[in-house]
Structure formats: C-alpha cells, structure tokens
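Student: Just passing along the structure, written as structure tokens.
Number of protein chains: 2
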Amino acid sequence: MEQRVSLITLGVRDMARAVAFYEALGWQREDSPEGIVVFDLIGQSLGLYPLEKLAEDMGVPVERLGTGAATLACNMRKRDEVAEVIAAARGAGGEVLREAGEVFWGGVVGYFADPEGHVWEVAWNPFSPLSARGEFRWGGY
Amino acid sequence: MEQRVSLITLGVRDMARAVAFYEALGWQREDSPEGIVVFDLIGQSLGLYPLEKLAEDMGVPVERLGTGAATLACNMRKRDEVAEVIAAARGAGGEVLREAGEVFWGGVVGYFADPEGHVWEVAWNPFSPLSARGEFRWGGY
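Residue numbers (numbering that gives the first Met the number 0), protein chains in the order written: chain A, 0 to 140; chain B, 0 to 140.
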C-alpha cells in the first residue's frame with residue numbers, strides 16, 4: 000500500500016450544520032456529487048458524508064464509529080494565526096478544546112472540535128515550514 | 000483557515016503494534032522525534048502517537064476519543080489492487096470490515112480497520128485518476 004491519503008471522509012450526523020461550520024471558516028466547497036460535500040485540499044480531498052451512510056458503506060453498526068482519536072492538523076504560516084483560527088472556530092460553532100498556547104518544543108498549538116466532534120489541531124511550527132505550495136514538511140525537533 | 004491538512008495523527012494504545020502494522024503494509028517510517036512515529040505522505044505526514052498523550056495534549060479525557068467516524072482513503076491505480084491491499088491488511092493484523100467489491104458508481108471499494116480501530120477505505124475510482132505524483136483528483140460522477 001502506497002504511503003498516500005487520497006481522501007479524508009468525516010462522517011457527520013447533521014450535514015447542513017457541518018457544511019456551514021467549514022464554510023464559516025472560509026472553506027470553499029467543490030461541485031460535489033449528490034449526498035456528499037467535498038472540499039479540495041492540496042492534492043487530496045476532504046468529504047463530509049452522513050455518518051449513517053458511512054457506517055452502512057463499511058458494514059458496521061453506526062454506534063461503533065467515534066471521533067477524536069484521529070486528528071487533522073492545519074499548520075499556520077505565522078505564529079499569531081493559531082489564535083486567530085481558534086477564535087474563528089469558536090465563532091463558527093466549534094468547541095475549543097485547548098486555547099492557542101506555546102508548547103515545550105517551541106511552537107504554538109491549539110485544538111478545536113467541529114460540531115460533530117472531529118478534532119483539529121492548529122499549529123505553528125518554526126522547525127517545519129510550509130512549502131510555497133502550502134505543503135507541510137516535517138522538520139523534526 | 001486555509002484548506003489544508005498538514006499532519007494526520009492517529010492516537011494509538013499500543014505503539015509497537017500500530018507501527019508494526021503499517022510497516023507490514025510496506026510503509027517506511029521517517030526519522031521521527033521521540034515518542035511519535037512519522038510516515039511521510041505526499042506533502043503531509045501521518046503520525047502515530049500514544050492515545051493517552053493525545054488526550055492530554057487536547058485536554059480531554061481519553062474516554063472521549065473514538066475511531067472510525069473519520070476515515071482515510073487510499074486510492075489505487077489499478078482495479079485489482081483494492082483486493083490486494085485488503086488481503087495485505089488482513090495479513091498484517093487488520094480487521095477487514097468490507098471485502099473489495101464493486102460499488103454502484105462504477106468503482107471498487109473495500110474497508111479495513113487497523114489494530115487500533117482507525118478505518119481505511121481502499122478504492123479504485125475510474126473517474127478520479129491519480130496524477131503522476133500519486134495525488135488524487137476528485138472527478139465526481
């Protein structure tokens with residue numbers, strides 16, 4: 000299996016609420032197939048899809064599916080942007096789990112959960128710059 | 000917030016078992032900081048990190064964190080590769096949730112959970128080819 004993630008799917012109970020949340024953060028949706036809402040990332044896609052249908056596709060009971068143990072991180076270009084995004088997430092109806100603050104390794108980190116409980120890490124890492132294309136390059140410590 | 004996922008973190012209870020699983024699928028780990036194991040994706044990274052520490056970082060009880068409602072998809076270049084990856088996941092100790100099979104929109108899909116319950120979709124989509132770099136281009140239906 001190649002080391003690649005083509006598509007990230009977030010299963011959601013309330014599609015309209017979830018879409019509104021990401022749009023309130025400034026995201027632009029793609030022209031999406033019926034029943035799924037797709038946001039273009041860089042070289043991949045993020046889809047919002049009804050949780051019940053996702054469970055059905057997998058062939059597992061919906062009660063099995065939980066959130067938060069897999070997190071998605073968005074790295075910022077500037078230190079102060081972490082607090083700005085955390086504030087934006089709160090304003091859009093997200094739950095702030097951890098306010099933006101310095102961490103031991105020298106960066107700034109905050110966490111929020113979207114209205115469905117999917118958890119995002121917002122980070123500024125001076126040791127792992129973003130490329131011109133907006134891609135993350137892991138820099139280690 | 001830019002439309003970008005820099006880093007995907009999977010919280011795991013048993014680091015050694017989780018690392019062994021992804022290595023058994025053929026993944027190569029990066030030179031990683033202590034306490035986290037990083038795999039380079041294309042323009043982003045996937046990290047394995049102890050679930051307890053992830054919960055601590057977020058500031059939430061570990062019991063809150065669940066898996067499966069967010070899935071990661073790896074798109075294949077050839078139709079038959081879906082079944083091959085599903086078989087490899089089973090051989091590596093994953094749980095096959097759905098065997099590779101045709102779906103209504105004309106592609107082939109299978110699902111497996113890694114030993115920690117994180118769910119992967121393995122797909123071949125004739126309408127959304129991969130670019131030369133291995134990136135996914137959403138093609139719609």
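Virtual Cβ for every residue (Gly too), placed ideally from N, Cα, C.
Small disclaimer: the values here were computed from a predicted structure and weren't measured.
Taking the beta carbon of ASP113/A as the centre, do at least 16 other beta carbons fall within 10 Å, making it buried, or is it exposed?
Tutor: buried
Student: For a cutoff of 9 Å on Cβ pairs, would you count PRO149/A as touching chain B?
Tutor: In the structure as shown, chain A starts at 0 and stops at 140, and residue 149/A therefore has no counterpart that could be examined.
Student: Output the distance between the C-alpha atoms of TRP104/B and TRP137/B, rounded to the nearest integer angstrom.
Tutor: The straight-line gap separating the alpha-carbon atoms of TRP104/B and TRP137/B is approximately 14 Å.
Student: Going by DSSP, which residues form a beta bridge with PRO125/B?
Tutor: Per DSSP, none; premise fails for PRO125/B.
Student: Within its chain, find whatever has a CB closer than 6 Å to the CB of TRP119/B; leave out the 5 residues flanking it on each side and keep chain order.
Tutor: Excluding residues within five positions, the ones whose Cβ falls inside 6 Å are LEU71, PHE111.
Student: With a threshold of 8 Å, are at least 3 pairs of Cβ atoms found where one atom belongs to the region 45–62 of chain A and the other to the region 88–104 of chain A?
Tutor: No, the region 45–62 of chain A does not touch the region 88–104 of chain A.
Student: Can you give me the C-alpha to C-alpha distance between GLY25/A and MET0/B, rounded to a whole angstrom?
Tutor: 6 Å
Student: Decide if the region 15–30 of chain B is in contact with the region 88–98 of chain B; the criterion is three or more beta carbon pairs, one per stretch, under 8 Å apart.
Tutor: Yes: the two stretches touch, three or more of their Cβ pairs being nearer than 8 Å.
Student: Per the contact definition of three or more C-beta pairs closer than 8 Å, is the region 41–48 of chain A in contact with the region 5–16 of chain A?
Tutor: yes
Student: Mind listing, in chain order, the continuous beta strand (DSSP E) runs of no fewer than 3 residues lying wholly within the region 53–80 of chain B?
Tutor: As far as the region 53–80 of chain B is concerned, its whole beta strand (DSSP E) runs of at least 3 residues are 69–74.
Student: Decide yes or no for the touch test of the region 122–131 of chain A against the region 80–89 of chain B: beta carbon pairs closer than 8 Å, at least 3 of them.
Tutor: No contact exists between the region 122–131 of chain A and the region 80–89 of chain B.
Student: In chain order, what residues of the same chain lie with their CB nearer than 6 Å to the CB of ILE35/B, ignoring the 5 residues before and after it?
Tutor: Closer than 6 Å at the Cβ level, and outside the excluded window around ILE35/B, lie GLY46, TYR48.
Student: Assuming contact is defined by CB atoms lying nearer than 9 Å, are GLY116/A and ARG97/A in contact in what I supplied?
Tutor: no
Student: LEU71/A touches chain B at which residues, Cβ-Cβ below 7 Å?
Tutor: VAL4, ILE7
Student: Quick one, are the C-beta atoms of ARG28/A and GLY67/B less than 9 Å apart?
Tutor: By the CB criterion at 9 Å, ARG28/A and GLY67/B fall outside the cutoff.
Student: Name the DSSP beta bridge partners of TYR11/A, please?
Tutor: A small fix is needed here, since residue 11/A is Val in this sequence, not Tyr. Beta-bridge pairing links VAL11/A to PRO49/A.
Student: Considering only their Cβ atoms, is the gap separating LEU9/B from ALA69/A smaller than 9 Å?
Tutor: yes
Student: Going along chain B, which residues have a C-beta under 8 Å from TRP26/A?
Tutor: MET0, GLN2
Student: Within the continuous beta strand (DSSP E) that includes GLU94/A, where are the two ends?
Tutor: Run containing GLU94/A: 94–101, per the beta strand (DSSP E) assignment.
Student: Using the beta-carbon of each residue, which ones in chain B are nearer than 8 Å to VAL145/A?
Tutor: Examination of residue 145/A is not possible in this model, given that chain A is present from 0 through 140 alone.
Student: GLU134/B versus chain A: which residues are under 9 Å apart at the beta carbon?
Tutor: Chain order gives the chain A residues near GLU134/B as ARG3, SER5, ILE41, GLY42, GLN43, where near means a beta carbon separation below 9 Å.
Student: What does TRP137/B touch in chain A if you count any residue whose Cβ is under 8 Å from its own?
Tutor: In chain order: LEU6, GLU29, VAL37, ASP39, SER44.
Student: How about ARG78/B and VAL121/B: are their beta carbons less than 9 Å apart?
Tutor: no
Student: Which one or two residues does DSSP pair with TYR110/B in a beta bridge?
Tutor: ARG97/B, GLU120/B.
Student: Taking 9 Å as the CB-CB cut-off, is VAL121/B touching chain A?
Tutor: For VAL121/B, the answer is yes, since a Cβ of chain A falls inside 9 Å of its Cβ.
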